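J.:
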Amino acid sequence: MRTYLNATGRAPVARAAYKAASMGFLNADEGAEYDEVIEIVRSSFIQRTRYLIRIYRICPNLNQLSTVLSLLI
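Residue numbering for the sequence shown is 19 to 91, as defined by our numbering.
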């Protein structure tokens with residue numbers, strides 16, 4: 019995720035997330051029950067992230083990006 023955030027010009031967010039994670043803030047609550055657990059397969063996530071970075075570079079305006087994504091879905 020850090021690579022994606024850096025590539026999309028959000029390096030400060032990437033640094034803050036890394037710092038929060040290293041301090042234990044981005045962990046699941048101990049003993050918490052969740053409605054759904056989503057498993058992320060890293061290889062497909064990386065491919066999709068690269069695809070999204072390409073789209074973002076084509077249309078960095080969020081309004082344009084949402085239009086492009088809505089056409090793809």
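Positions of the beta carbon are idealized from the N, C-alpha and C atoms, including for glycine. Here the structure is a predicted model, which means the values were calculated and not measured.
In whole angstroms, what separates the C-alpha of R28 from that of A34?
T.: Cα to Cα, the separation comes out at about 10 Å.
J.: Could you check the C-alpha separation between A25 and K37 for me, to the nearest Å?
T.: Each residue's alpha carbon lies about 19 Å from the other.
J.: Could you pull the start and end residues of the alpha helix (DSSP H) that T67 belongs to?
T.: Per DSSP, T67 belongs to the alpha helix (DSSP H) from R60 to I76.
J.: In whole angstroms, what separates the C-alpha of N45 from that of R66?
T.: 24 Å
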